[in-house]
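Step one of this worksheet: look at the structure below.
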Amino acid sequence: MAKLEFDKTEVENVIDKVVRKTMNMDLTWDWPCGVAYYGVSEAYEKTGKEEYLTLLKDRVDELIDLGLPKVWTVNACAMGHCLITLYQATGEQKYHDLLMSKIEYLKKDALRFGDHVLQHTVSANNDFPEQAWADTLFMAAFLLLRVGVMEKDDELIDDALNQWYWHIEYLQDPASGFYYHGYDNIAKNHMSGIYWGRANAWAAYTMSKVGSILPQCYLYPKYLEIAGSLNEQLAALKTVQTENGLWRTVLDDPESYEEVSASAGIAAAMLERGNVLHNKYINKSIQGLLANISEDGKVMNVSGGTAVMNDKEGYRGIPKRWIQGWGQGLVLAFFSTLLVSDKIQKDGAL
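Residue numbers (the working numbering): 422 to 771.
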């Protein structure tokens, strides 16, 4: 049976390069920064390097001093992830207060539809009426769960699990196991009906984290939905991994390019899930991801910000030349988790 194969020193050096490159980016208070700094937070928590915490604290303090957005959005709530780390590491109340302002927004002001489902929002406008996108699972549902557990707030936990439940209902194709990019509740369709790679990463990675975060997860019926959805999704995803250990920006389209942020998120989900049968796929991903990190820590071949495009050609045309916060963050999440893979708690037969 395949065991995970990696050089610990090499992985630590890669994490260090990617953290430094990430902190050199001019990221401001929104979701690209939120995902990037989540990755830096993971690097700090998994390696214990105080330098990473100092870099993160100094930058977040600078952003706070420069002035925060006047209106939150669902996507901008992603910055809450690093605030959890900063608050828990420093005990400074300002991080907790800012974090809870995001939670209050999600509870009281964020647009919702149907069964209390968070609508995808990227601005103060009603950009995507009654649309559910997989991105929301990272930006908001994952945050609600983390804060709910931290604060021992059952209402937040229930809200988080409800988001996963309905995003599974709306976005996962029961025939293939893959996730669609988005769902339009007004038109009652998946728009272009594309299995977008990064959407599958948002879903898989966040679902893989629930069991380790939520105490006695097996007592929550909606967690059983999450575990079942993830198991079927990962079983499907392994079948479309490329020979290079990556996944394409449209999963089932051989003409689509290999996309590194999706690949990192999916591989990290396999790591978190802890199924030994996935080790051979993870090992391929280790090599594939290492091959896409430059000497100075830039994560390469990461697709730009992507709306629900009209067709496969739209996804194929999204540029992948530039450094992106979500690429940096998801790669850091993967390699940081790899360092502690022998300590991951499994949830048994679920």
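Where a beta carbon is used, it is the ideal one built from N, C-alpha and C, also for glycine.
A straight line joining the alpha-carbon of residue 467 with that of residue 459 spans about 12 Å.
Ranked by Cα distance from residue 553, the first of 609, 579, 518, 524 is 609. In the structure shown, residue 744 adopts coil according to DSSP, grouped into three states. Given a length threshold of 4 residues, each whole run of the alpha helix (DSSP H) inside the region 591-666 is given here in chain order: 618-634, 642-658. In the DSSP assignment, residue 688 falls within the unbroken alpha helix (DSSP H) covering 681-694. Between residue 450 and residue 490, the beta carbon gap of about 6 Å places them in contact (Cβ cut-off 8 Å). Straight-line spacing of the CA atoms in residue 584 and residue 600 works out to 15 Å. Residue 714 has 720 as its beta-bridge partners, per DSSP. In the DSSP assignment, residue 534 forms a beta bridge with 538.
A direct Cα-Cα distance of roughly 14 Å separates residue 662 from residue 676.
The alpha-carbon separation between residue 470 and residue 756 amounts to approximately 15 Å.
8 Å or more divides the Cβ of residue 543 from the Cβ of residue 499.
Nearest to residue 461 by C-alpha distance, out of 558, 731, 503, is 503. Using a C-beta cut-off of 8 Å, the region 606-625 makes no contact with the region 713-722, since fewer than three inter-stretch Cβ pairs fall below that distance. Membership of residue 514 in the alpha helix (DSSP H) is indicated by the continuous run 514-529. Here residue 764 is exposed. Its C-beta has fewer than 16 other C-beta atoms within 10 Å. When C-beta atoms of the region 696-707 are compared with those of the region 628-639, fewer than three pairs fall below 8 Å, so the two segments do not count as touching.
DSSP places residue 450 in the coil class of the three-state scheme, outside both helix and strand.
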